[in-house]
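Visitor: In terms of UniProt numbering, the sequence shown has 69 at position 69, counting the first letter as 1, and numbering is strictly consecutive.
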Amino acid sequence: MSENHALWRAHVLANHILQSPPPPSNISLTREVCLQYTPPEVNESYGFDVKEMRKLLDGHNLEDRDWLYELITQSDLFNRKIRGGGKVFVSPDYNETMEQQREISMKRILYLLEKGVFKGWLTETSPEAELKKFALYEVCGMYDYSLSAKTRCTVLVVG
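#1: Can you tell me whether Ser-78 is buried or exposed? The criterion is at least 16 other CB atoms within 10 Å of its CB, across all chains shown.
#2: From which residue to which residue does the alpha helix (DSSP H) around Lys-55 run?
#3: Pair every Cβ in the segment 65 to 75 with every Cβ in the segment 98 to 105, then say whether three or more of these pairs are closer than 8 Å.
#4: Considering only their Cβ atoms, is the gap separating Val-90 from Tyr-143 smaller than 8 Å?
#5: Could you check how far apart the C-beta atoms of Ala-135 and Arg-65 are, in whole angstroms? I think they sit under 8 Å.
#6: Please look up how many angstroms separate the CB atoms of Cys-140 and Leu-131, rounded, as I've assumed it's under 8 Å.
#7: Answer with buried or exposed for Arg-54, where buried requires no fewer than 16 other C-beta atoms within 10 angstroms of its C-beta.
Listed below in structure tokens is the structure:
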């Protein structure tokens with residue numbers, strides 16, 4: 001990191017801290033605005049175009065990413081839960097034993113294999129195919145980094 005960039009970051013942080021109002025003298029703890037959390041369900045309006053932000057951050061293969069994410073959210077193998085507003089959330093269950101986690105990871109990989117996620121991963125070598133692989137690894141990694149790593153290994157072994 002360059003010295004100028006480090007100074008700039010320090011300046012931004014200092015301004016953020018200095019602009020906070022001083023805590024009242026009679027209260028030992030107060031909430032800072034930057035530490036308050038509001039669930040996204042409460043406020044769905046954004047000060048920016050979400051689709052443009054996604055193009056900027058994800059960059060490529062947005063349709064493939066959406067397709068794989070939909071596969072993940074549709075399967076109960078991925079510990080699917082429906083929360084407020086009918087939104088579907090998926091998350092790994094880390095309360096299982098290591099052996100149970102390994103077994104469910106293999107079931108998840110086989111599910112993705114059956115759905116055609118890995119089609120052409122060993123035979124296609126074009127730059128577009130490589131970008132697609134990276135995009136799908138990232139989606140798996142959003143769910144569980146270990147699944148992303150296991151997916152890479154399984155594709156090479158099982159093919």
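Think of the CB as a built atom: it goes at the ideal place given N, C-alpha and C, for glycine as much as any other residue. Just so we're clear, the structure is a prediction, and the values are computed from it rather than from any experiment.
Guide: Short version:
#1: It is worth fixing the name first, because residue 78 is Phe in this sequence and not Ser. So Phe-78 ends up on the buried side.
#2: Where Lys-55 is concerned, the enclosing alpha helix (DSSP H) starts and stops at 50 to 58.
#3: No: the two stretches stay apart, fewer than three of their Cβ pairs being nearer than 8 Å.
#4: Cβ atoms of Tyr-143 and Val-90: closer than 8 Å.
#5: Contact between Ala-135 and Arg-65 holds, with the beta-carbon distance rounding to 5 Å and staying under 8 Å.
#6: The beta carbons of Cys-140 and Leu-131 sit about 15 Å from each other, so the pair does not count as a contact at 8 Å.
#7: Per the 10 Å Cβ criterion, exposed.
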